[in-house]
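Colleague:
There are 2 protein chains.
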Amino acid sequence: MTPLENIVSFLKDNNDFFIATHLNPEGDALGSAIALSMALESLGKNTVVYDKDPVPEFYKFLPGYNKITNSVSSLDTKELSLILLDCNTPDRAGIEKLTFKHTVVIDHHETETNFGDIKWVEPQTPATGLMIFKLLKEMGIKITQDIAVNLYAAIAVDTGTFRYSNTSSEVLKAAAELAEAGANPGFIAESIHESWSRNRFKLLCMALSTLEIIDSVAFIVVTKDMFNTTETLPSDTENFSNVPRMMKDIKVSVFFRETDEGYWKVSLRSKRDFNVARIAEQFDGGGHKNAAGCTIKADLKTAKRMLLEAIRGQ
Amino acid sequence: MTPLENIVSFLKDNNDFFIATHLNPEGDALGSAIALSMALESLGKNTVVYDKDPVPEFYKFLPGYNKITNSVSSLDTKELSLILLDCNTPDRAGIEKLTFKHTVVIDHHETETNFGDIKWVEPQTPATGLMIFKLLKEMGIKITQDIAVNLYAAIAVDTGTFRYSNTSSEVLKAAAELAEAGANPGFIAESIHESWSRNRFKLLCMALSTLEIIDSVAFIVVTKDMFNTTETLPSDTENFSNVPRMMKDIKVSVFFRETDEGYWKVSLRSKRDFNVARIAEQFDGGGHKNAAGCTIKADLKTAKRMLLEAIRGQ
Chain A
1 MTPLENIVSF
11 LKDNNDFFIA
21 THLNPEGDAL
31 GSAIALSMAL
41 ESLGKNTVVY
51 DKDPVPEFYK
61 FLPGYNKITN
71 SVSSLDTKEL
81 SLILLDCNTP
91 DRAGIEKLTF
101 KHTVVIDHHE
111 TETNFGDIKW
121 VEPQTPATGL
131 MIFKLLKEMG
141 IKITQDIAVN
151 LYAAIAVDTG
161 TFRYSNTSSE
171 VLKAAAELAE
181 AGANPGFIAE
191 SIHESWSRNR
201 FKLLCMALST
211 LEIIDSVAFI
221 VVTKDMFNTT
231 ETLPSDTENF
241 SNVPRMMKDI
251 KVSVFFRETD
261 EGYWKVSLRS
271 KRDFNVARIA
281 EQFDGGGHKN
291 AAGCTIKADL
301 KTAKRMLLEA
311 IRGQ
Chain B
1001 MTPLENIVSF
1011 LKDNNDFFIA
1021 THLNPEGDAL
1031 GSAIALSMAL
1041 ESLGKNTVVY
1051 DKDPVPEFYK
1061 FLPGYNKITN
1071 SVSSLDTKEL
1081 SLILLDCNTP
1091 DRAGIEKLTF
1101 KHTVVIDHHE
1111 TETNFGDIKW
1121 VEPQTPATGL
1131 MIFKLLKEMG
1141 IKITQDIAVN
1151 LYAAIAVDTG
1161 TFRYSNTSSE
1171 VLKAAAELAE
1181 AGANPGFIAE
1191 SIHESWSRNR
1201 FKLLCMALST
1211 LEIIDSVAFI
1221 VVTKDMFNTT
1231 ETLPSDTENF
1241 SNVPRMMKDI
1251 KVSVFFRETD
1261 EGYWKVSLRS
1271 KRDFNVARIA
1281 EQFDGGGHKN
1291 AAGCTIKADL
1301 KTAKRMLLEA
1311 IRGQ
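Here the protein sequences line up with chains A and B, keeping their order. Residue 236 in the working numbering sits at position 236 of the first sequence; the count goes up by one each step and never skips. Take any residue in the second sequence, count from 1 to its spot, add 1000: that is its number in the working numbering.
#1: In three-state DSSP terms, what is Thr103 (chain A)?
#2: My guess is that Ser195 (chain A) and Lys1248 (chain B) are in contact by the Cβ rule of under 8 Å, so how many angstroms apart are they, rounded?
#3: Start and end of the beta strand (DSSP E) containing Ser270 (chain A)?
#4: Determine, using beta carbons only, whether Ala1179 (chain B) comes closer than 9 Å to chain A.
#5: For Pro1316 (chain B), count neighbouring Cβ atoms within 10 angstroms of its own Cβ and tell me buried if that reaches 16, exposed if not.
#6: Here's a check: name, in chain order, each residue in its chain whose Cβ is nearer than 6 Å to the Cβ of Arg257 (chain A), leaving out the five neighbours to either side.
#7: Could you name the residues that DSSP lists as bridge partners for Arg317 (chain A)?
#8: Check this for me: beta carbons of Tyr1050 (chain B) and Ile1019 (chain B), under 9 Å apart or not?
#9: For Tyr1263 (chain B), count neighbouring Cβ atoms within 10 angstroms of its own Cβ and tell me buried if that reaches 16, exposed if not.
#10: Counting only beta-carbon separations shorter than 9 Å, does Asn1166 (chain B) have a partner in chain A?
#11: Kindly provide the ranges of any alpha helix (DSSP H) runs that are 4 or more residues long and lie completely inside the stretch 222 to 307 of chain A, ordered along the chain.
#12: Indicate whether at least one CB of chain A lies closer than 9 Å to the CB of Ala1189 (chain B).
#13: In chain order, what residues of the same chain have a beta carbon less than 7 Å from the beta carbon of Gly31 (chain A), not counting five sequence neighbours either side?
#14: So which residues on chain A does His1193 (chain B) lean against when the C-beta distance must stay under 8 Å?
#15: Counting only C-beta atoms, is Lys142 (chain A) closer than 9 Å to chain B at any point?
#16: If you draw a straight line from the C-alpha of Lys1297 (chain B) to the C-alpha of Phe1283 (chain B), how long is it?
#17: Leaving aside the five residues before and after His1102 (chain B) along the sequence, list all residues of the same chain whose C-beta is less than 8 Å from its C-beta, in chain order.
#18: Measure how close the beta-carbons of Val217 (chain A) and Leu308 (chain A) come, nearest whole angstrom, since I'm counting them as under 8 Å.
#19: Ala176 (chain A) touches chain B at which residues, Cβ-Cβ below 7 Å?
#20: Nearest to Asn1228 (chain B) by CA position, among B:Arg1200, B:Ala1176, B:Asp1158, B:Ala1174, is which residue?
#21: Cβ closer than 7 Å: which chain B residues qualify as neighbours of Ile213 (chain A)?
#22: Interface residues of chain B around Leu208 (chain A) at Cβ under 7 Å?
#23: Using 8 Å as the Cβ pair cut-off and three pairs as the minimum, do the stretch 1172 to 1179 of chain B and the stretch 187 to 194 of chain A touch?
#24: Please decide whether Asn1184 (chain B) counts as near chain A, where near means a Cβ-Cβ distance under 9 Å.
#25: Decide if His1109 (chain B) is buried, meaning its Cβ has at least 16 other Cβ atoms within 10 Å, or exposed.
#26: Does any residue of chain B have a CB that is nearer than 9 Å to the CB of Ile250 (chain A)?
#27: Assuming contact is defined by CB atoms lying nearer than 9 Å, are Lys52 (chain A) and Leu23 (chain A) in contact in what I supplied?
#28: Please classify Asn1114 (chain B) as buried or exposed, where buried requires at least 16 other C-beta atoms within 10 Å of its C-beta.
#29: Check the DSSP bridge columns for Glu212 (chain A) and list the partner residues they point to.
#30: So, does the CB of Gly1160 (chain B) fall closer than 9 Å to a CB anywhere in chain A?
#31: If you pair each beta-carbon of the stretch 1129 to 1139 of chain B with each one of the stretch 157 to 171 of chain A, do three or more pairs fall below 8 Å?
#32: Cα separation between Thr1047 (chain B) and Lys137 (chain A)?
#33: Less than 9 Å separating the beta-carbons of Gly27 (chain A) and Asp146 (chain A)?
#34: Using a cut-off of 7 Å between C-beta atoms, extract the partners of Phe1283 (chain B) located in chain A.
#35: Would you kindly work out how many angstroms separate the C-alpha atoms of Ser1071 (chain B) and Glu1122 (chain B), rounded to a whole number?
Printed below as a string of structure tokens:
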């Protein structure tokens, strides 16, 4: 049996699911989780949808976003089957202390872990939302308008609304089918790209004022002070790392987000063939070829130098 | 016969075409014109592709862009059949003094003119490129990779790369087919959206650092000093006025560009129903409901106050 067939038979044979996705959830995680929950419930199954972090304000256009809970007691989960979405280890979802009856992983990130009784991992697929789309079609589940909106949004977020190099003919075909099923492309794009809060926009302006370009590497920074001044959250920085990609001669865009004193969460974005996952791995991080991340403990100047050396060395 | 069938039989019956599109051509005009020329030449026909203005530098990724000429003598055209693309009167293409054997119009703009022996005008279609795509399929012409890139780019430009409200299931299906025929979505999107010069990007960062929001009006400013510092030109500010539209609760975005001492070129952008043409008219400017402009002579503070009063008064 293929991994997909395995998952299909598992979902058919079980009734009570705990769908969890990663910390700081973005559109692909949220849309995939909500859509899968709706699909399983349409078959009369029971689902809990869990994310440890709250749904960011600007994703509340997703129908059914309020299905997502961030409170759970470990007692509740023992008889449930975990479906871990858009990530592949329990700690990425902050559920490492919970126990489950079964564990399933559906993800499109590279992984070397063995977690999961059943694993369906497709690193070459642009979005977990596209995997859920395939799964639902395989199971013959009707794609309602609400499911379509969630899956369209999931795919749109992870392909930069069809602008990234992972945008294939298959992605566009799925988007066309989801639009036919009731997803409104213009509304979803406006919700994703033109629904920023004022404070989030001010934070971006501040981040861009830190722009530094060395060789063909662009650096921008958000400090804890900036979060305080603009009353924003780490989730407000989603996509900041992509903004410097607008420049034609930028090879790598590096976004620093201060977490604790002296700790930086680093998001790396590249164009075309430059593999930033390789860079992130040197700092115990990981990701995809064009989008990766890691954490560095150093002062900002040193952190920039370390990354620049790693990039030059590749 | 439908207009499309009329065009098909006309193209089959004739051999020598003069394909022209509008002044200041953008992606839909250029891609449509080049693709149609390639398609007709694949049938052994002869084409001249004309635009009075040169192909902008950032559209030179279109295969066959150098088929487009901007020199022509009136003597040459008398035996040719004009195909006017993405506009509907000869003056929009700067060819009002030329004479042709026949005249054909293929366009998706509203029109009240009667120009054209044969007219195929579909204002509800998002892009002329989509009409050419339908035409080629109707004629059974093979969509080569070069044709696919041109048509994909044409459709992408006029739908904001699938973000505007005109993005339909049909648009996405066509895009999927063109991607299958060899158009590379990531490369095309990068060519359209991620080919800014560093200096243009730095200018944007500077402009955003001037952000001021009063009520639901966002103001950003570019001064002559900023142009000097970044070695940029007024044309580099194209689209700056749209950037603050990213915020969900902004009614009007106002972009000030300093021309001469004390003179400001003002670009106004709005969302949905707020009519900025009415505001611009109060300052002897004009435009459309969601995009208008005017010139104001005043110090910046006064100019902001004047605009704010006009906006509050509407």
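Don't be surprised by glycine CBs; every beta carbon is placed ideally from N, CA and C. The structure displayed is predicted, hence computed values, not measured ones.
Modeller: Looking at the coordinates:
#1: As a first step, residue 103 (chain A) must be located in the first sequence, where it is residue number 103. When DSSP states are grouped into helix, strand and coil, Thr103 (chain A) belongs to the strand group.
#2: The residue labelled residue 195 (chain A) in the question sits at position 195 within the first sequence. The residue labelled residue 1248 (chain B) in the question sits at position 248 within the second sequence. Indeed they touch by this definition, with Cβ atoms about 4 Å apart.
#3: As a first step, residue 270 (chain A) is located in the first sequence; it is residue number 270 there, counting from the start. Per DSSP, Ser270 (chain A) belongs to the beta strand (DSSP E) from 263 to 270.
#4: Against the second sequence, residue 1179 (chain B) aligns to sequence position 179. Cβ-Cβ to chain A under 9 Å: yes for Ala1179 (chain B).
#5: Missing from the structure shown is residue 1316 (chain B); chain B here goes from 1001 to 1314 and no further.
#6: Position 257 of the first sequence, counted from the first residue, corresponds to residue 257 (chain A). Once the five neighbours on either side are set aside, the close Cβ partners of Arg257 (chain A) are Val222, Thr237, Lys265.
#7: The structure shown has nothing for residue 317 (chain A), since chain A only spans 1 to 314.
#8: Residue numbering aside, residue 1050 (chain B) sits at position 50 when the second sequence is read from its first letter. Residue numbering aside, residue 1019 (chain B) sits at position 19 when the second sequence is read from its first letter. For Tyr1050 (chain B) and Ile1019 (chain B), yes; Cβs fall inside 9 Å.
#9: Taking the second sequence and counting its residues from 1, the one referred to as residue 1263 (chain B) is at position 263. Classified as exposed, Tyr1263 (chain B) has fewer than 16 neighbouring CB atoms from the shown chains inside 10 Å of its CB.
#10: In the second sequence, residue 1166 (chain B) corresponds to position 166, counting from 1. Yes, its Cβ sits closer than 9 Å to a Cβ of chain A.
#11: Qualifying alpha helix (DSSP H) stretches, in chain order: 224 to 230, 276 to 281.
#12: Residue mapping note: residue 1189 (chain B) aligns to position 189 of the second sequence, counting from 1. The Cβ of Ala1189 (chain B) sits closer than 9 Å to at least one Cβ of chain A.
#13: On the first sequence, position 31 is the one that residue 31 (chain A) refers to. Taking Gly31 (chain A) as the centre and dropping the five residues before and after it, the same chain places the C-beta of Leu62, Gly129, Asn150, Leu151, Ala153, Ala154 closer than 7 Å to its C-beta, in chain order.
#14: As a first step, residue 1193 (chain B) must be located in the second sequence, where it is residue number 193. What His1193 (chain B) touches in chain A: Arg163, Met246.
#15: Taking the first residue of the first sequence as 1, we reach residue 142 (chain A) at position 142. No, because no Cβ of chain B sits closer than 9 Å to the Cβ of Lys142 (chain A).
#16: Residue 1297 (chain B) sits at position 297 when you count from the first residue of the second sequence. Residue 1283 (chain B) sits at position 283 when you count from the first residue of the second sequence. Answer to the nearest angstrom: the Cα atoms are 10 Å apart.
#17: On the second sequence, position 102 is the one that residue 1102 (chain B) refers to. The beta carbon of His1102 (chain B) lies closer than 8 Å to those of Phe1010, Asn1014, Ser1081, Leu1082, Asp1117, Ile1118 in the same chain, with the five residues before and after it left out.
#18: Position 217 of the first sequence, counting from 1, holds the residue named residue 217 (chain A). Position 308 of the first sequence, counting from 1, holds the residue named residue 308 (chain A). For a cut-off of 8 Å, the C-beta gap from Val217 (chain A) to Leu308 (chain A) is around 6 Å, short enough to register as a contact.
#19: The sequence position of residue 176 (chain A) within the first sequence is 176, counting from 1. For the C-beta of Ala176 (chain A), the chain B residues within less than 7 Å are, from N- to C-terminus, Ser1169, Leu1172, Lys1173, Ala1176.
#20: The residue labelled residue 1228 (chain B) in the question sits at position 228 within the second sequence. Out of B:Arg1200, B:Ala1176, B:Asp1158, B:Ala1174, B:Arg1200 has the C-alpha closest to the C-alpha of Asn1228 (chain B).
#21: Sequence index remark: in the first sequence, residue 213 (chain A) carries index 213 (1-based). Near Ile213 (chain A) (Cβ distances below 7 Å), the residues of chain B are Arg1198.
#22: Stepping through the first sequence from its first residue, residue 208 (chain A) is reached at position 208. Ordered by position in chain B, the residues that pass the 7 Å Cβ test against Leu208 (chain A) are Cys1205, Leu1208.
#23: Fewer than three pairs of CB atoms, one per stretch, sit closer than 8 Å, so the stretch 1172 to 1179 of chain B makes no contact with the stretch 187 to 194 of chain A.
#24: The residue you call residue 1184 (chain B) lines up with position 184 of the second sequence. With 9 Å as the cut-off, Asn1184 (chain B) counts as an interface residue toward chain A.
#25: For the purposes of this step, residue 1109 (chain B) is taken as the residue at position 109 of the second sequence. Classification for His1109 (chain B): exposed.
#26: Counting from 1 along the first sequence, the entry for residue 250 (chain A) is found at position 250. It does; some Cβ of chain B falls within 9 Å.
#27: Translated into the one-based positions of the first sequence, residue 52 (chain A) becomes position 52. Translated into the one-based positions of the first sequence, residue 23 (chain A) becomes position 23. Yes, the Cβ-Cβ distance between Lys52 (chain A) and Leu23 (chain A) is below 9 Å.
#28: As a working mapping, residue 1114 (chain B) is identified with position 114 in the second sequence. Taking every protein chain shown into account, the CB of Asn1114 (chain B) has fewer than 16 other CB atoms within 10 angstroms, so this residue is exposed.
#29: Stepping through the first sequence from its first residue, residue 212 (chain A) is reached at position 212. Answer is A:Phe219, bridged to Glu212 (chain A).
#30: Your numbering for residue 1160 (chain B) matches position 160 in the second sequence. It does: the Cβ of Gly1160 (chain B) has a partner Cβ on chain A nearer than 9 Å.
#31: They do not touch, by the three-pair rule.
#32: The count along the second sequence starts at 1 and reaches residue 1047 (chain B) at position 47. The count along the first sequence starts at 1 and reaches residue 137 (chain A) at position 137. Distance between Thr1047 (chain B) and Lys137 (chain A), taken at the CA atoms: about 46 Å.
#33: What you label residue 27 (chain A) is simply residue 27 of the first sequence in a count that begins at 1. What you label residue 146 (chain A) is simply residue 146 of the first sequence in a count that begins at 1. With respect to Asp146 (chain A), Gly27 (chain A) sits apart: the two C-beta atoms are not nearer than 9 Å.
#34: Numbered from 1 along the second sequence, position 283 holds the residue referred to as residue 1283 (chain B). What Phe1283 (chain B) touches in chain A: nothing, since even the nearest Cβ is about 26 Å away.
#35: By one-based count along the second sequence, residue 1071 (chain B) stands at place 71. By one-based count along the second sequence, residue 1122 (chain B) stands at place 122. Cα to Cα, the separation comes out at about 30 Å.
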